[in-house]
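Worksheet: the structure to be examined is printed underneath.
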Amino acid sequence: MLRRCIFLLFLFVFAACDSGNSPDIDPPDDDRGYHALRQLSPFPVGAAVQAAQVQNPDFSDVFNYAFNSLTAEYQMKQNVIWTSRNTYNWAPADALVQYGQDHEMQVHGHALLWHSSTPLWLENFVGSDETFEALLLDYIFTTVQRYQGKVISWDVVNEAFNDGSGTLRETVFRNRLGPDYLARMFDYARQADPDVLLFYNDYNLESDATKRRAVLAMVDDFQARGIPIDGIGLQMHVSYNSPSLKDIKDTMQAFASRGLKIHLSELDIRANPGGDLTSLTELRALEQRARTFDIVDAFLDLPAANRFAITWWGLRDPDSWLIGFWGNPEWPLLFDADYAPKPAYFGFVEALEGAS
Ligand code: G3I
């Protein structure tokens with residue numbers, strides 16, 4: 304707590320006389336003027352990207368420098384890959400997996416099953432439930448084994464629980480295969496690859512206690528039955544001022560106490576949740592920086608064995624899905640529109656330097 308108070312005091316005093324640059328505590332060892340997160344961090348640091356983005360030299364220059372983990376923002380999802388029962392569109396996924404290998408980045412697979420990325424032909428499949436399940440098993444084997452040894456982890460199921468009630472969503476998977484479908488999907492993924500890390504991924508687990516309890520109960524049930532699960536993806540679509548740091552810490556600890564690897568899998572920090580800003584003010588940027596420091600500092604408090612990765616859901620502010628989703632101006636990521644690191648980036652660096 305003392306470290307945080309000193310850090311905040313430093314920030315606000317610094318803002319009063321800052322020349323407009325955000326110097327590191329010690330001079331960066333490169334000509335960019337900022338350290339590479341991938342060099343400083345004891346755990347992988349990633350971003351969600353798209354195949355076209357990494358073909359842009361301006362984008363890839365910064366992405367390759369700062370990050371060593373890659374998640375496909377949408378091109379490794381079922382509706383992009385499995386375009387009809389016997390047709391697979393592997394090209395974008397192959398390109399991103401190859402990119403990760405070419406740039407010494409771990410690749411996280413997102414996501415085998417998600418009700419929002421189920422291809423329409425599968426959603427409307429009229430065959431038997433048994434055939435439906437056999438199709439899913441075949442998809443999981445085909446996809447996981449295609450990237451065996453290249454994709455180190457998969458979100459097996461994404462967002463299966465309802466907000467607020469913690470009940471299972473009435474998805475086509477649950478409706479056709481019954482409430483125990485998640486266990487079977489994890490089992491299939493394990494059968495497909497004995498070494499790949501298997502994650503369950505969801506949002507608001509740090510702010511919705513009922514939903515969190517439901518997911519923890521699933522983990523406990525899996526572990527009691529020997530159903531394989533290696534990690535939890537806490538998406539962490541949070542704001543500069545909520546949820547509480549205590550709730551974030553308690554959530555990480557609750558899943559880590561079960562031996563799971565923790566992936567902050569889709570981190571973005573809304574600077575404008577109330578829609579009150581038309582531009583990112585210096586004060587709000589500093590608050591976002593303090594928030595970034597706090598989240599990384601909390602993640603560093605986990606045992607090393609439980610720290611899978613921190614993945615930002617995009618590289619630059621303009622790349623963020625939040626802008627279209629909420630319709631507000633928003634600046635939730637580490638880099639600005641000109642690929643320059645924001646104060647939030649330096650909050651990440653300072654948390655890492657405090658740990659070193
Ligand atoms: O790039 C193509 C463009 O060429 C094409 O003209 C256009 C219209 O078809 O589509 C564009 O691709 C879109 C892509 O976003 C890039 O903008 C896809 O249609 C669209 O489906 C995709 O949406 C993604 C969404 O998941 C659904 O897959 C978002 O990028 C992505 O940020 C969002 O991420 C989800 C996580 O997977 C799960 N957690 C919530 C998170 C936010 O919804």
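Here the working numbering runs 303 ahead of the position in the sequence shown, where the first position is 1. Note that the Cβ used here is the ideal one computed from N, Cα and C, for glycine as well.
For residue j and residue i, believed in contact at Cβ under 8 Å, the rounded distance
i    : j    : result
E509 : P546 : 5 Å
V352 : R341 : The Cβ separation is near 14 Å, so there is no contact.
P635 : A574 : 6 Å
N367 : H406 : 5 Å
F502 : S542 : So it is not a contact: roughly 24 Å between Cβ atoms.
V365 : L548 : Contact doesn't hold; Cβ gap of about 28 Å is too wide.
Same chain, Cβ closer than 6 Å to residue i, five either side skipped, listed in chain order
i    : result
W424 : S387
L567 : L537, M539 and I613
N382 : S420 and P422
N427 : none
A658 : L603
E436 : L480
D458 : H413, A414, F502, N504 and G536
R493 : P531
Backbone secondary structure at residue i - three-state DSSP
i    : result
V400 : helix
K552 : helix
N324 : Model confidence at N324 stands at a pLDDT of 40, short of 50, so the residue's coordinates are unreliable and nothing is read from them.
V541 : strand
F489 : helix
T434 : helix
N461 : strand
G650 : helix
G657 : helix
S387 : strand
R619 : strand
L416 : strand
D441 : helix
N382 : helix
A355 : coil
A319 : Confidence at A319 is low in this model, with a pLDDT of 45, below 50, so the placement of that residue should be treated as unreliable; the coordinate-derived value is given next. A319 falls in the helix class under three-state DSSP.
D496 : coil
N427 : coil
Y484 : helix
Bounding residues of the beta strand (DSSP E) (the contiguous stretch that carries residue i)
i    : result
G349 : V348 to V352
L501 : L500 to D505
D524 : Not the beta strand (DSSP E): D524 falls in the alpha helix (DSSP H), residues A512 to R528.
I613 : R610 to W615
Beta-bridge partners of residue i, as assigned by DSSP
i    : result
V410 : L373 and V454
S421 : Checking the displayed sequence, the identity of residue 421 turns out to be Thr instead of Ser. None; T421 has no bridge partner.
D571 : H540
P644 : F638
K564 : G534
L471 : F464
The alpha helix (DSSP H) enclosing residue i, as first and last residue numbers
i    : result
R587 : E585 to L603
T581 : Segment: none, T581 is in no alpha helix (DSSP H) and carries neither H nor E.
F476 : V475 to L480
I626 : W624 to W629
Q342 : L340 to L343
Contact set for residue i: own chain, Cβ-Cβ below 7 Å, skip 5 residues either direction
i    : result
A495 : I443, F444, V447 and Q448
S294 : Because the chain here runs from 304 to 659, residue 294 falls outside it and cannot be looked at.
F596 : F310, G650, E653 and A654
L605 : M555, A559 and I565
K453 : V400, Q404 and V410
D550 : E509 and S510
Q526 : R561
F362 : Q356 and L618
Sequence-distant residues of the same chain with beta carbon closer than 8 Å to residue i, five excluded per side
i    : result
L563 : V522, I532, D533, G534, I535 and N609
D490 : I530 and P531
Y377 : Q353, V383 and S420
P621 : A640
D466 : N507, D511 and K514
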